[in-house]
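Here the protein sequences come in this chain order: A, B, C and D. Note that the first sequence covers residues 306 to 640 in the numbering used here. Note that the second sequence covers residues 306 to 640 in the numbering used here. Note that the third sequence covers residues 306 to 640 in the numbering used here. Note that the fourth sequence covers residues 306 to 640 in the numbering used here. We put the beta carbon where it would ideally sit given N, CA and C, even for glycine. Keep in mind it's a predicted model, so treat the numbers as computed, not measured. For reference, the structure discussed in these notes is given below.
Protein chains: 4
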Amino acid sequence: MVFRVGVIGTGNIGTDHANRIASQVSGADVVAVFDVATERAKEVASGVGAVAHATDGDVINDPEVDAVLIASPGELHAEQVLACIDAGKPVLCEKPLAPTTAECLKVIEAEVAAGRQLVQLGFMRRYDAAYVEVKAALDSGDIGEALMLHCLHRNPTAPDWFTSDLALTDSVVHEVDTSRWLLGDEIATVTVLAGKPSPKAGSAQDPQLVVFEMASGVLVTVESFIHAQYGYDVRCELVGSEGVASMDTPTLGAVTRRGGRTTVVPPDWRVRFGSAYQAELQAWVDSLASGEFHGASAWDGYAATAVAEAGLRARAEGARVAVELVDRPSFYAGK
Amino acid sequence: MVFRVGVIGTGNIGTDHANRIASQVSGADVVAVFDVATERAKEVASGVGAVAHATDGDVINDPEVDAVLIASPGELHAEQVLACIDAGKPVLCEKPLAPTTAECLKVIEAEVAAGRQLVQLGFMRRYDAAYVEVKAALDSGDIGEALMLHCLHRNPTAPDWFTSDLALTDSVVHEVDTSRWLLGDEIATVTVLAGKPSPKAGSAQDPQLVVFEMASGVLVTVESFIHAQYGYDVRCELVGSEGVASMDTPTLGAVTRRGGRTTVVPPDWRVRFGSAYQAELQAWVDSLASGEFHGASAWDGYAATAVAEAGLRARAEGARVAVELVDRPSFYAGK
Amino acid sequence: MVFRVGVIGTGNIGTDHANRIASQVSGADVVAVFDVATERAKEVASGVGAVAHATDGDVINDPEVDAVLIASPGELHAEQVLACIDAGKPVLCEKPLAPTTAECLKVIEAEVAAGRQLVQLGFMRRYDAAYVEVKAALDSGDIGEALMLHCLHRNPTAPDWFTSDLALTDSVVHEVDTSRWLLGDEIATVTVLAGKPSPKAGSAQDPQLVVFEMASGVLVTVESFIHAQYGYDVRCELVGSEGVASMDTPTLGAVTRRGGRTTVVPPDWRVRFGSAYQAELQAWVDSLASGEFHGASAWDGYAATAVAEAGLRARAEGARVAVELVDRPSFYAGK
Amino acid sequence: MVFRVGVIGTGNIGTDHANRIASQVSGADVVAVFDVATERAKEVASGVGAVAHATDGDVINDPEVDAVLIASPGELHAEQVLACIDAGKPVLCEKPLAPTTAECLKVIEAEVAAGRQLVQLGFMRRYDAAYVEVKAALDSGDIGEALMLHCLHRNPTAPDWFTSDLALTDSVVHEVDTSRWLLGDEIATVTVLAGKPSPKAGSAQDPQLVVFEMASGVLVTVESFIHAQYGYDVRCELVGSEGVASMDTPTLGAVTRRGGRTTVVPPDWRVRFGSAYQAELQAWVDSLASGEFHGASAWDGYAATAVAEAGLRARAEGARVAVELVDRPSFYAGK
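In structure tokens:
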């Protein structure tokens, strides 16, 4: 069976997803596309043999569409996801689930009411082989109990409008999910430390140092550096009571010339996480058949937004801020 | 469009291929399967929603089959490939094209007569990201002219029937293709040196050291070690006049415990080259639409068998043996 | 000329130093030794061909002694160093200069009054080739301006009496000096975060996360983990505006067996920093001739103790604590 | 006790040795120096506080000289070593012991007649920590029986007069000793393969591929490349029946900038093997007291020359050449 996917949003990541589903994922086609940038949407649609619709609702409610992929601006996500739930269609939504916890909770309420899981969040690192290996090392017991987690998240550059706040809500949000997923634990408090800003960072406070305290007490450090210049470099090291699990930005080989032995650093997230996106999309399509989704849930999306909100307050107030979560509905147990 | 693939041979690699095409490759289904092991064939067919046929010819000539993947024993390849050419169907044939150059030449003759490329050989390393990076380093000019190539090919263990001859024809044959492809050059001579045999190798002469002299004079060393015990470890280092391009068995992360920092070595080729097989199959399916095949050609299969034949003589005679190739048909220029 | 060194304190590090000066350093002999553990002192003295004296003062004032190495308990350092200054003898003092800034300032006063540099502190990392390489990368301008520094300091185990306070004053004090030296900057504030304690750490709060804010705003993170079990692992990564300089626990080679490829982690600081101690001692002996000392000065010792004091308060109060330093005497400019 | 060393030959390596003994080795001074380049000898002598003598014999027979270090041109070594034996003085002789086996045998005869070991050969790799680790891995049994050894020996450039013959006798001779020492075995045959020459190599045949067959059957491959351009890169990988021991050109850290993560390759042997030379000289000076020398012996020097001679014939004849050794005198058992 081939699932027919509708794609909402044809920016960089939406286009990548559409192309990947069309040409590299088994069991799915892209049949409908929407973006407010009409020409771009048509171009992408034509490339994958799909129709460009006039509105996001047209995609969601198209009877030819079995499932929806949302890659629109974050402030539109909640409404679009709710419409998918209304339509009874599974949806893979890029992060964030919504910019506010209030909206996230509406999604959770709707999904719980629907009685079956329809929402998966696009936290692709859960499908990255290196992160998976770190998690496997912890879960195996080989490194004992988790005690600390050190994360680096470096981008080469960011546009002017990418503020220090966005660095938290759009970039560090990946470490939020990574920490919760790796450690199987909620984030209890957030602290944001501002250090010396890079002269390359314009008006942004960059880099920033973020500290999470997990419910269990495990400390997580996150260096967020969106103007690191040299490349896209995302890594973590998980410190256990019996050993350490670490991952590197994967390398394939080296070229040695006068000056030294050099390994390549990926230029951006599309290169670094290309195979994670591939695995994520294939797994999601496989889930369409089984009805069992193994990626991040709406709850994970809600928790991520809750931490991001706390992070913004922590940054504004220069203080440690507690993350307040509602009780997790039993619906999400084991999801 | 979805291409309908018939799979001949459901041993380890045939089953892997069938499952991968069915569940991980975009644009193709498996519709027909054959193996002399009837029960096994049925099982695989049922898993991928295909029909199990009574003979290989039934698969090849099934009007529902657009293209054929051959993963049967090597001595059957030539005949099956010829039948595919006869039927005008594209075929992806696992190495070897045939155990003898005489049979390989028949395939070449038939394909040239057919007037369009139908045959691709399953030398999957050409799709491995690490090998691709080595080739890119050479092709970029960064390391100057190629001068030497050092290859390691280690398997953890091999069954008793896997003789030292098979180590050349079934295992080192990958280095034959790798050398030819990386260097864009033919192998002129082969020497096989027998050293101290491993006590783990039973009656096999293992490891062996193989030396190729390319037409350009570039020397290639190949350590072939099929009872290396510790894992599957395949690597090369390409020495240029201005620098060196090297690759490692890729690693994702490390676990550090008392005793040291340990990175995993893959247990076998299925793990090591999983993503290369994925890329190879997707590229082949993409080629079914374009008619342009970019993998190893029938000529590459012939050349590999010619070198393997020379290798067997070199091993038997303890001497350097020249590889004699027929003139390459112009049909294969640029393929 | 051969300098005659007196060694005070023959615990682990004092004994190592005595033996190293006697048998691996050019231009120096050990001629006198003292420890309250009389038998131990005699044994060490006999091994290096020296005399065991009855008191530390006897060593310092022995006319046969040209220079003194102090490796006694930290609370005795200030008095012993002052006696060396009194006697006009150069002294290499293991860290700390003194446990309190008040005592450190007495040493500074005395050295300034003496009018020539006599005191060097035993911060050996300044002589470690890997740390030197990180500093060289920063000083070369290759990585732009320093923005953040991430440090790990892991010991396999510590005795029961090694409290979380000692982890700061005896262990993290190395990162204090490393940060000041690498960055050429003073530490302005200290924060100590207590996370989930290791079940292996007994009553100690371990690991701890320490954050320094440098006067320039550069942030420094230090993971201090004295019961890491697996080995002695000390590293840093310096993040600049144009790139990153990192160092690893050095490795020489790897052994690959079933289970993976393993590199050794040093069991303790004696192995990890053996060549740094060697370089430190040789440099100090060379300085005895020139009168120019290039290692850490009494000022560096004072600053380290000031930060450690602030760290203890930061830990006790769970708050960010400012480091208050007196004005640096011009005597120490460029030292 | 301080041993008084005489140094013969003040070229690069002789000067390095003289300076190192004078300023970095414990227990020895340089008291006398000779070189035919009189001015250079005087300059070196003055730097280390020694006397410059008029002849090599004056150094050897100077009653103030306890032991001799020979770093003169290789063709003078045998005569000078014989004079040291005559004078009953221990001698550390740079490789080769002599350019011909005939001369080497005279030294052996004289040393055996003297009845005590006086001669150590300057094969410094035996003191390199990375090589020592490879040997330890083999000796521990962890990797099973040795089966193959792969060696790389790359220099950045060589002067015009450094012929392909010299690459064997002056450069690969280190791999001769390394192979014999690591494997505890004699080299039985030598083969030299000439491949495509580097355009940077002038008239030299470079790189060359050398194959040793050890008496036990273990095969050794040596890539000798004296115009590798990019740096000094010397490594080996020892393949055992249960695993592999490998070493890398040691690195301390990395700098990551736009373009990638780069580790330094040493520019020359002085940098790469600086600490090995240091360890070698300290060990030799320590041996002067004990009378027990643990480095390469005159027998090792003879064997190295015998293999080099065979290598020259193998190169000239393009054939595998057997190494013929006289019976080893029992005097050298365990040395």
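Minimum Cβ-Cβ distance from residue i to chain C less than 8 Å
i         : result
Thr568(B) : yes
Thr561(B) : yes
Gly353(D) : The sequence given here has Val at residue 353(D), not Gly. For Val353(D), the answer is no, since every Cβ of chain C falls outside 8 Å of its Cβ.
Val356(D) : no
Pro512(A) : yes
Beta-carbon proximity list for residue i, same chain, < 6 Å, skipping 5 on both sides
i         : result
Ala337(A) : Gly311, Ala355, Val356, His358, Val364, Asp367, Val370
Asp573(A) : Tyr537
Tyr582(D) : Met429
Asp361(A) : Ile313, Phe339, Gln385
Short Cβ contact (8 Å threshold) for residue i with residue j
i         : j         : result
Ser521(B) : Lys501(D) : yes
Tyr535(D) : Pro634(D) : no
Ile390(B) : Leu423(B) : yes
Leu617(D) : Thr474(D) : yes
Thr494(B) : Val626(B) : yes
Ala609(D) : Lys400(D) : yes
Glu480(B) : Cys456(B) : yes
Gln587(A) : Val330(A) : yes
Arg566(D) : Val570(A) : yes
Leu387(B) : Ala415(B) : yes
Glu585(B) : Gly600(B) : yes
Asp490(A) : Val523(A) : yes
Cβ-Cβ separation, residue j to residue i (assumed contact under 8 Å), whole Å
i         : j         : result
Tyr432(B) : Met552(B) : With 8 Å as the limit, Tyr432(B) and Met552(B) do not qualify as a contact, their Cβ atoms being about 14 Å apart.
Leu487(D) : Lys440(D) : 5 Å
Val628(C) : Ala611(C) : 5 Å
His458(D) : Val539(D) : 5 Å
Ser268(B) : Val477(B) : This structure leaves residue 268(B) out entirely; chain B is present only between 306 and 640.
Gly269(A) : Ala383(A) : Only positions 306 to 640 of chain A appear in this structure, which leaves residue 269(A) out of reach.
C-beta neighbour in chain D for residue i, strict 8 Å
i         : result
Ile448(C) : yes
Met453(B) : yes
Lys440(B) : no
Glu297(C) : As shown, chain C starts at 306 and ends at 640. That puts residue 297(C) outside it, with no answer to give.
Ala550(C) : yes
Ser592(C) : no
Any chain A beta carbon closer than 8 Å to residue i
i         : result
Tyr537(D) : no
Phe530(C) : yes
Asp553(B) : yes
Gln534(D) : yes
Contacts around residue i, its chain only, beta-carbon distance under 7 Å, and the 5 residues preceding and following it disregarded
i         : result
Pro395(D) : Ala372, Leu423, Leu593
Ala619(B) : Val495, Thr496, Val497, Arg625, Val626
Ser546(C) : Gly449, Glu450, Leu452
Ile492(C) : Val481, Ser484, Arg485, Phe517, Met519, Val612, Val628
Identified DSSP bridge partners for residue i
i         : result
Met519(C) : Ile492(C)
Leu457(A) : Glu528(A), Arg540(A)
Gly545(C) : Ala451(C)
Residue-chain proximity (residue i, chain B), Cβ-Cβ < 8 Å
i         : result
Gly565(C) : yes
Val523(D) : yes
Val294(D) : This structure cannot settle anything about residue 294(D), because the visible part of chain D is limited to 306 through 640.
Sequence-distant residues of the same chain with beta carbon closer than 8 Å to residue i, five excluded per side
i         : result
Val549(B) : Ile448, Glu542, Leu543
Leu498(C) : Gln513, Leu514, Val515, Val516
Leu410(B) : Tyr607, Val631
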